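These protein sequences, in sequence, are chains A and B.
Going letter by letter, the first sequence gives residues 1 to 233 in full-length UniProt numbering.
Going letter by letter, the second sequence gives residues 1 to 233 in full-length UniProt numbering.
Virtual Cβ for every residue (Gly too), placed ideally from N, Cα, C.
Nothing here was measured: the structure is a model prediction, and the numbers come from that model.
There are 2 protein chains.
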Amino acid sequence: MVAADGRPPRPKPIPLRWGVLAFPQYVGLDAYGPLEMLYIVKYLTPNMTIAVIAETLDPVPATTFNDLDRPVTYMKPTHTIYDNVNLDVLLIPGGPGSSIAYNNTNIINYVKNVYPKLKYIISVCTGAQILAKAGVIVGKRATTNKFGWAETTQTGPGVNWVPCARWVTDGNVWTSSGVAAGIDLTHAFIKETFRNETLADRAANILEIEIHKDPSWDPFCEIWNVTAAGTSV
Amino acid sequence: MVAADGRPPRPKPIPLRWGVLAFPQYVGLDAYGPLEMLYIVKYLTPNMTIAVIAETLDPVPATTFNDLDRPVTYMKPTHTIYDNVNLDVLLIPGGPGSSIAYNNTNIINYVKNVYPKLKYIISVCTGAQILAKAGVIVGKRATTNKFGWAETTQTGPGVNWVPCARWVTDGNVWTSSGVAAGIDLTHAFIKETFRNETLADRAANILEIEIHKDPSWDPFCEIWNVTAAGTSV
């Protein structure tokens, strides 16, 4: 493809300014898996930044499923949703907290308002329901957690939910399946948007993670009997 | 096998009282991967507890590799190393912090003193160097991170380092290879000590993690050119 003046188009700039959205009761691994890979990429990429964005600067507790009064892992925000920090990419984790964030007007409005300024937006697991509520994936193809498929997809009417996929891309929106799928999505995202598979592989090899590189790989849609939008066991 | 009185031996009790050792600059995923699986196991297992144990009750920051002044994820300790909390299993993560903990007499003495009271001890990644310093794996077979193999194994003279293994068991000591290998170890540990592969599989399937069930599976020893103790690139 060439531009009107006959020169090849300038490649899209690498997305350097990352944000992770934090809200109480996110599933830790939804955020920590991608973050661990991003820390290595950042170490090898000049000028890359990672912000953690939340309603306030207070530490944000991850879910521990049954010890809600005594969570043990946290993200410490670097900015609030009111700081208007400039980002290229926003990554939204899921977990029990995403259905609470779904009903938090401040968070939904933040996602709605920031999306047009981003180069890309990413959700992991049930984080997709925040994208649905903010209107980001209405009319688009997306995927989400398979264990909680019926519940999550019901919160996103008008979304073309893809039942069997490790991750789905539609335009500048990347959505992954549950929890660990966020790591595979992050690898694929770095490979594509940084145009550098070697860098993505190096991060995975340092972390000793075997990456699934095929977005259609998804044994979990069968394990959880997800064969069509809205069905689950 | 039968006991002297002719009856089959009583199965070993399931290890219900878990502790995770926290020290600054641990690699987040070393701890968070196993923890995420343990939260689900705990949800399905009455009376299981998970403590986070550190020198003080202050939040303990994970490493971010290059933003040491601004870490974004933490563990919040539930007990200190001076509380003498009763544990069945202690899990020790690795990361840049494990070489600092290696020189922290308080932490090494804690591991040395608590080990004889435990049913099991586990290390993930370079956490093995803490076990080596505390004398727990001297004369035993163990493995560790492959990317940092030479550096880590040098800190453990007298250990029978196994270069190619996802994880290694020797008696009641379980040691895993780098970072993500801790998740596979945790699955195998639950399967064996809880005598419940279904439970371990259920946790992995909820987290949409493809588990490596063969402890000899280890492509990373080749990727990082680890072919014998003490060699690495």
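- Taking a cut-off of 8 Å on C-beta distances, the segment 83–93 of chain B touches the segment 120–129 of chain B, as three or more cross pairs fall below it.
- The DSSP assignment places complete alpha helix (DSSP H) segments of no fewer than 4 residues inside the segment 147–172 of chain B at 149–154, in order along the chain.
- T73 of chain B has A:M75 as its beta-bridge partners, per DSSP.
- Per DSSP, G182 of chain A is one residue of the alpha helix (DSSP H) stretching across 181–193.
- In the DSSP assignment, R17 of chain B forms a beta bridge with B:T49.
- Between M37 of chain B and T186 of chain B the beta-carbon gap is near 5 Å, inside 8 Å, which marks them as a contact.
- By the CB criterion at 8 Å, T63 of chain B and P116 of chain B fall outside the cutoff.
- In this structure V27 of chain B does not touch I53 of chain B by the C-beta definition: roughly 17 Å separates them, more than the 8 Å allowed.
- Take the alpha-carbon of T193 of chain B and the one of A200 of chain B: they are about 11 Å apart.
- A direct Cα-to-Cα measurement between A188 of chain B and A142 of chain A gives close to 33 Å.
- DSSP places L199 of chain A in the uninterrupted alpha helix (DSSP H) bounded by 197–206.
- At a cut-off of 8 Å between C-beta atoms, F194 of chain B does not count as an interface residue with respect to chain A.
- The closest CA to that of G182 of chain B, considering only B:T126, B:C221, B:D5, B:I107, is found on B:T126.
- The way I'd put it, the segment 209–219 of chain B doesn't touch the segment 146–155 of chain A; fewer than three beta-carbon pairs between them come closer than 8 Å.
- In this model, N172 of chain B and V136 of chain B are separated by some 10 Å (Cα to Cα).
- Where Y120 of chain B is concerned, the enclosing beta strand (DSSP E) starts and stops at 120–123.
- At a cut-off of 8 Å, the C-beta of P93 of chain A has no neighbouring C-beta in chain B.
- Within chain B, the residues placing a beta-carbon under 8 Å from that of A181 of chain A are E208, ordered along the chain.
- Within the segment 52–81 of chain A, contact with chain B at the beta-carbon level (separation under 9 Å) is assigned to V52, P59, P61, A62, T63, T64, F65, N66, D67, R70, P71, V72, T73, Y74, M75, K76, P77, T78.
- Within the same chain, and ignoring the five residues on either side of T73 of chain A in sequence, the residues whose Cβ sits closer than 7 Å to its Cβ are G28, A62.
- Sixteen is the threshold: when 16 or more other Cβ atoms of the shown chains lie within 10 Å of the Cβ of N145 of chain B, as they do, the residue is buried.
- Residues of the segment 159–178 of chain A with a C-beta atom less than 8 Å from some C-beta of chain B are S177, G178, listed in chain order.
- Any Cβ of chain B closer than 8 Å to the Cβ of Y43 of chain A would place that residue at the interface, and such an atom is present.
- Going by DSSP, I100 of chain B is part of the alpha helix (DSSP H) stretching over 96–101.
- Membership of V41 of chain A in the alpha helix (DSSP H) is indicated by the continuous run 28–43.
- V89 of chain B: member of the beta strand (DSSP E) spanning 89–92, first to last residue.
- Distances from the alpha-carbon of P71 of chain B to those of A:V226, A:Y39, A:I107 put A:Y39 closest.
- The beta carbon of T56 of chain B lies closer than 8 Å to those of P77, T80 in the same chain, with the five residues before and after it left out.
- Y32 of chain B counts as buried, since no fewer than 16 other beta carbons sit within 10 angstroms of its beta carbon.
- Taking a beta-carbon distance threshold of 8 Å, L29 of chain A counts as an interface residue toward chain B.
- The three-state reading of DSSP puts V114 of chain B in helix, counting H, G and I together.
- Residue burial annotation: D5 of chain B is exposed, with fewer than 16 other C-beta atoms found within 10 angstroms of its C-beta.
- The C-beta of G127 of chain A comes no closer than 8 Å to any C-beta of chain B.
- Annotation: V162 of chain A to N113 of chain A spans about 26 Å, alpha carbon to alpha carbon.
- Taken atom to atom, the span from the alpha-carbon of Q25 of chain B to that of R17 of chain A is near 23 Å.
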